[in-house]
Amino acid sequence: MRTVRTIFNEVAVWRTERFACPGCGKRRSRRVKFYQTLNPYNIWRASEGGDGRPKSRERIRAEIKAQAAAWKPICAGCDADAKARKGGAV
Ligand SMILES: [Zn+2]
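Read in order, the letters of the sequence shown are residues 17 to 106 in the working numbering.
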């Protein structure tokens with residue numbers, strides 16, 4: 017069997033933070049990547065205020081910059097704990 021891979025252009029921004037973790041109080045530093053790929057299936061939906069057409073590089077950059085700005089620094093350990101709690105049944 018042949019696998020055909022299509023490499024889409026990735027648009028990414030990195031955010032590097034030094035902080036005291038709000039979860040455990042430890043001083044940490046993290047480098048987090050926010051990205052989307054530039055591809056025909058990555059649609060800017062009307063429900064998100066878009067035009068229903070594939071996102072442009074500028075549009076993606078604006079979105080990932082907003083995500084990066086909204087990110088609250090938390091250490092990798094607490095982040096994993098929070099995700100596990102969110103995913104598991106309570
Ligand atoms: Zn922590």
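In this text, a Cβ means the ideal position worked out from N, Cα and C, and glycines have one as well. Here the structure is a predicted model, which means the values were calculated and not measured.
Mapping the DSSP letters down to three states, classify S45 as helix, strand or coil.
strand
Less than 8 Å between the CB atoms is what I'm expecting for R46 and E33, so what's the real figure, rounded?
6 Å
Need the endpoints of the beta strand (DSSP E) that A62 sits in, please.
First-last for A62: undefined, no H or E at that position.
How close, in whole Å, do the beta carbons of K71 and N58 come, if the pair is a contact with beta carbons under 8 Å?
5 Å
Heavy atom of ligand 1 within 7 Å of K99 beta-carbon:
no
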